[in-house]
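Q:
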Amino acid sequence: MVLVIAEQRDGVLNKTSWETIVAAQQLGQPVQVAVAGVDLQAVAAELAAADVEAVLTVEHPALSSYTPDGFVTAFAAVVTSEAPEYVLLSHTYQTREFAPRLAARLGRSLITDCVATKTREDRLTFVRPMFQGKFVADVAPTGPAPHFASFQIGAFRPDAVSRGSSPAAIRSYPLELDASAIRQTVEPPFQEAKQAVDLTQAERIVAVGRGIKGEEHIALAQQLAAALGAEIAASRPICDSGWLPMDRQVGSSGQTVSPKLYLALGISGAIQHLVGMKGARTIVAVNKDADAPIFEVADFGIVGDLFEVVPALIAALETES
Amino acid sequence: MKIAVCVKQVVTREWPLRVDDAATWVQDRDASFEMNEPDAYALEEALRLKEQHGGEVVVCSAGPARVAQVIREALARGADRAIRVESDRLATADAGMVAEALASAMREEAFDLVLTGLQSDDQGFAQTGVVLAELLEIPHATIIMEVQVADQTLRVKRELEGGWFQWVSMPTPALLTIQSGINQLRYATLKGIMAAKRKDVRVVEPSADLTPYQEILELYVPEKGKQTRLIEGSPGEAANELVRVLREEARVI
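Okay, structure coming up:
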């Protein structure tokens with residue numbers, strides 16, 4: 004049996020849970036889906052539309068807000084009693100926090116950030132990026148089941164989920180949980196002061212990465228942005244260094260954009276950045292490294308020194324317009 | 010406060026990576042190495058907490074003998090002493106194996122706070138710190154952007170997706186994985202580099218029965234999802250052609 008751990012917050016299902024169900028359905032084994040929290044009837048009913056054996060609701064007042072201790076304890080009980088061969092999750096910020104500990108508590112390990120599964124030498128193998136996406140590896144778990152794996156967001160299409168002819172059975176899991184053993188207390192989620200820049204509305208974006216080398220070179224990218232009528236944006240390291248404000252950041256921890264034109268300057272294309280911009284209609288990459296992962300999503304590319312290419316681009320735009 | 014920081018040594022970002030002959034790792038025999046970037050932020054946060062609250066910072070790293078280089082660097086930046094778990098088997102080890110190696114060397118120290126980076130630049134598991142917390146039987150929180158300490162309690166700002174955050178509190182001892190950008194990194198001073206030479210480094214061997222949980226069957230270059238049209242020529246020629254293509258074919262400018 005394959006157990007999918009779905010994710011919800013305040014009764015709203017995280018859509019990546021469907022992607023994980025797709026991954027599970029491809030393994031050719033019965034699939035069950037577990038979801039934890041309180042008041043899960045609606046979420047469970049939604050999940051029961053998938054072609055799965057059962058949906059398990061894991062309800063307890065102490066799970067009303069997510070905490071790592073609460074979720075590790077709850078799902079350790081579920082996995083122990085249901086004894087799945089595989090436990091699959093989506094590689095979200097939440098599962099990154101509790102799933103490695105869940106696997107460790109059961110003496111097993113988790114293969115994170117997978118993009119596909121395949122069978123090699125009769126072993127189920129998980130395909131995952133390594134070295135910032137420059138390579139991928141076929142990784143097989145060793146030792147006994149259960150084997151845990153998490154899938155990168157977007158690795159599977161949520162609409163590829165196979166739906167059942169009738170709703171799956173919904174079972175309430177009889178969870179016993181000592182709430183006093185939960186050591187974390189959480190406050191409500193919040194956003195920092197309203198984002199000053201809404202990059203999601205930009206038609207064109209010029210984004211800079213580590214290749215820009217120094218704060219003093221940001222002005223060059225800004226000149227190009229001005230010539231294109233584009234907003235300036237950046238990958239995380241640039242904002243971490245304070246060269247551009249955090250509200251200019253594109254990627255998993257910043258904004259997700261889909262402009263007509265996304266011009267990436269000196270951005271290698273780590274997955275945390277790609278998830279924020281791969282929906283752009285036309286992607287152009289300028290990078291000195293021809294093997295940079297950004298070229299996997301780029302429509303057009305110039306392999307070269309951005310300090311030569313960008314001034315030439317500004318000149319070309321100014322003369323031809 | 011007795012603070013441990015776990016750092017990993019990784020191949021530098023600039024190193025041109027190639028797959029090795031066995032196709033299970035990269036050719037790194039002659040590579041240059043550096044401190045994993047998120048771990049550098051964890052170290053910086055530990056040094057700042059020590060400056061505010063007193064105590065000591067102990068840097069911990071697991072890997073082959075070459076790991077001594079990042080230990081020296083951490084000591085030069087201000088860590089007080091170090092624990093180095095040395096084994097060639099740890100060079101390519103999975104997160105569970107590294108966490109077990111670290112935990113057995115760190116347990117007796119009874120640290121009040123353990124910090125790690127949120128993930129490594131090489132394998133990118135994002136879980137060594139979390140597994141370590143389980144092995145040390147202490148609470149944890151991940152992807153932390155601010156740390157407040159008061160009376161054996163931590164209040165930390167945890168990053169959620171898409172620009173959201175959340176404050177989480179827990180008692181110490183505890184483990185936090187630190188997000189890049191939480192602070193501004195300091196560099197080692199000449200004085201720090203000199204002082205590092207006199208600082209204590211405890212070298213320990215991991216248990217012989219350490220076994221992998223995962224096996225890399227093959228490492229390879231990913232297939233391209235999209236056909237990129239590369240525009241050739243001198244910078245001037247390429248720029249002119251790109252502007253033409255964006256204007257006339259893609260029609261986005």
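First to last, the sequence lines map onto chains A and B. With the numbering used here as the guide, the letters of the first sequence map in order to residues 4 to 324. With the numbering used here as the guide, the letters of the second sequence map in order to residues 10 to 262. The C-beta atom is built at its ideal place from N, Cα and C for all residues, glycine as well.
Select from A:Ala-9, A:Ala-106, A:Gly-31, A:Val-260 the residue whose C-alpha is nearest the C-alpha of A:Ala-148.
A: A:Ala-106
Q: Give the straight-line distance between the Cα atoms of B:Arg-167 and B:Ile-153, rounded to the nearest whole angstrom.
A: 5 Å
Q: Which word fits B:Val-230, buried or exposed, when buried means at least 16 other C-beta atoms lie within 10 angstroms of its C-beta?
A: Its Cβ having fewer than 16 others within 10 Å, B:Val-230 is exposed.
Q: Would you grab the beta carbon distance between A:Ser-255 and A:Gly-279 for me? Rounded to a whole angstrom, and I think it's under 8 Å.
A: 6 Å
Q: Using the Cβ count rule (16 or more neighbours within 10 Å means buried), how would you classify B:Lys-200?
A: exposed
Q: Using the beta-carbon of each residue, which ones in chain B are nearer than 7 Å to A:Ser-67?
A: Correct list: empty, because the minimum Cβ distance to chain B is about 14 Å.
Q: So with CB distances below 8 Å, who are the chain A contacts of B:Arg-305?
A: Coverage of chain B is limited to positions 10 through 262, which leaves residue 305 of chain B absent and any answer about it impossible.
Q: Just checking my contact of B:Gly-190 with A:Cys-242 at CB under 8 Å: how many whole Å lie between their CB atoms?
A: 7 Å
Q: What residues in its chain sit with their C-beta under 7 Å from that of A:Thr-70, if we drop five residues either side in the sequence?
A: For A:Thr-70, same chain residues with a beta-carbon under 7 Å away, outside a window of 5 residues either side, are Ile-185, Gln-187, Val-189 in chain order.
Q: Is it right to say A:Pro-296 is buried, meaning 16 or more other beta carbons lie within 10 angstroms of its own, or is it exposed?
A: buried
Q: At least one CB of chain A closer than 9 Å to the CB of B:Lys-235: is that the case?
A: yes
Q: Provide the residue span of the beta strand (DSSP E) that contains A:Gly-304, from first to last.
A: 303 to 306
Q: In this structure, does DSSP put A:Lys-216 in helix, strand or coil?
A: coil
Q: Do B:Val-28 and B:Ser-129 have their CB atoms nearer than 9 Å?
A: no
Q: Classify A:Ile-114 as helix, strand or coil using the three-state DSSP reduction.
A: When DSSP states are grouped into helix, strand and coil, A:Ile-114 belongs to the strand group.
Q: Anything in chain B within Cβ reach of A:Gln-29, meaning under 8 Å, just list it in chain order.
A: The premise fails here: A:Gln-29 is roughly 18 Å from chain B at the closest Cβ pair, so nothing lies under 8 Å.
Q: CA-CA distance, A:Leu-30 and A:Arg-99?
A: 23 Å
Q: Report the residues of the segment 178 to 196 of chain A with a CB closer than 8 Å to any CB of chain B, ordered along the chain.
A: Arg-186, Gln-187, Thr-188, Val-189, Glu-190, Pro-191, Pro-192, Phe-193, Gln-194, Glu-195
Q: DSSP has A:Tyr-265 in a bridge; who is on the other side?
A: DSSP output for A:Tyr-265 lists A:Ile-208, A:Ile-286 as bridge partner(s).
Q: Between B:Met-203 and chain A, is the shortest Cβ-Cβ distance under 9 Å, so that the two count as touching?
A: no
Q: Pop quiz: A:Thr-76 and A:Asn-17 are said to be a contact at Cβ under 8 Å. What is the actual Cβ separation, rounded to whole angstroms?
A: Taking C-beta atoms under 8 Å as the contact rule, A:Thr-76 and A:Asn-17 fail to qualify, at a distance of about 21 Å.
Q: In or out: B:Tyr-196 buried (at least 16 other Cβ within 10 Å) or exposed?
A: exposed
Q: Compare the Cα-Cα distances from B:Val-261 to each of A:Val-211, A:Val-5, A:Gln-135, A:Ala-283 and report the closest residue.
A: Of the candidates A:Val-211, A:Val-5, A:Gln-135, A:Ala-283, the one whose C-alpha sits nearest the C-alpha of B:Val-261 is A:Ala-283.
Q: Can you tell me the Cα-Cα spacing of A:Ala-163 and A:Ser-153, whole angstroms?
A: The straight-line gap from Cα to Cα measures roughly 18 Å.
Q: Could you confirm whether any beta carbon from chain A is found closer than 9 Å to the beta carbon of B:Pro-180?
A: By this cut-off, B:Pro-180 is an interface position.
Q: Considering just the uninterrupted stretch of the beta strand (DSSP E) at B:Arg-229, what are its terminal residues?
A: Looking at the sequence provided, one finds Tyr at residue 229 of chain B rather than Arg. DSSP places B:Tyr-229 in the uninterrupted beta strand (DSSP E) bounded by 223 to 229.
Q: Out of A:Asp-250, A:Trp-246, A:Thr-259, A:Glu-299, point me to the one whose CA is closest to A:Gly-272's CA.
A: A:Glu-299
Q: Give me, in chain order, the residues of the same chain whose beta-carbon lies closer than 7 Å to that of B:Ile-80; leave out the 5 immediate sequence neighbours on both sides.
A: Val-68, Ser-70, Ala-91, Arg-93, Val-210
Q: Taking only beta-carbon atoms, is A:Leu-92 less than 9 Å away from chain B?
A: no
Q: Run through chain A and tell me which residues come within less than 8 Å of B:Thr-125, C-beta to C-beta.
A: Those do not exist, as B:Thr-125 stays about 12 Å from chain A at its closest Cβ, beyond 8 Å.
Q: Please report the distance separating the alpha-carbon of A:Leu-264 from that of B:Asp-39.
A: Whole-angstrom Cα-Cα distance: 40 Å.
Q: By the three-class DSSP mapping on this structure, what secondary structure does B:Arg-38 have?
A: coil
Q: Considering only C-alpha positions, which residue in the set B:Val-123, B:Met-106, B:Val-76, B:Glu-65 is nearest to B:Pro-215?
A: Distance from the Cα of B:Pro-215 is smallest, within the candidate group B:Val-123, B:Met-106, B:Val-76, B:Glu-65, for B:Met-106.
Q: Flag A:Met-280 as yes if its beta-carbon sits less than 9 Å from any beta-carbon of chain B, otherwise no.
A: no
Q: Quick check on this structure: which residue in B:Arg-86, B:Glu-170, B:Gly-133, B:Gln-61 has the alpha carbon closest to the alpha carbon of B:Leu-52?
A: B:Arg-86
Q: For B:Thr-151, decide whether its Cβ has a neighbour in chain A, counting only Cβ atoms nearer than 9 Å.
A: With 9 Å as the cut-off, B:Thr-151 counts as an interface residue toward chain A.
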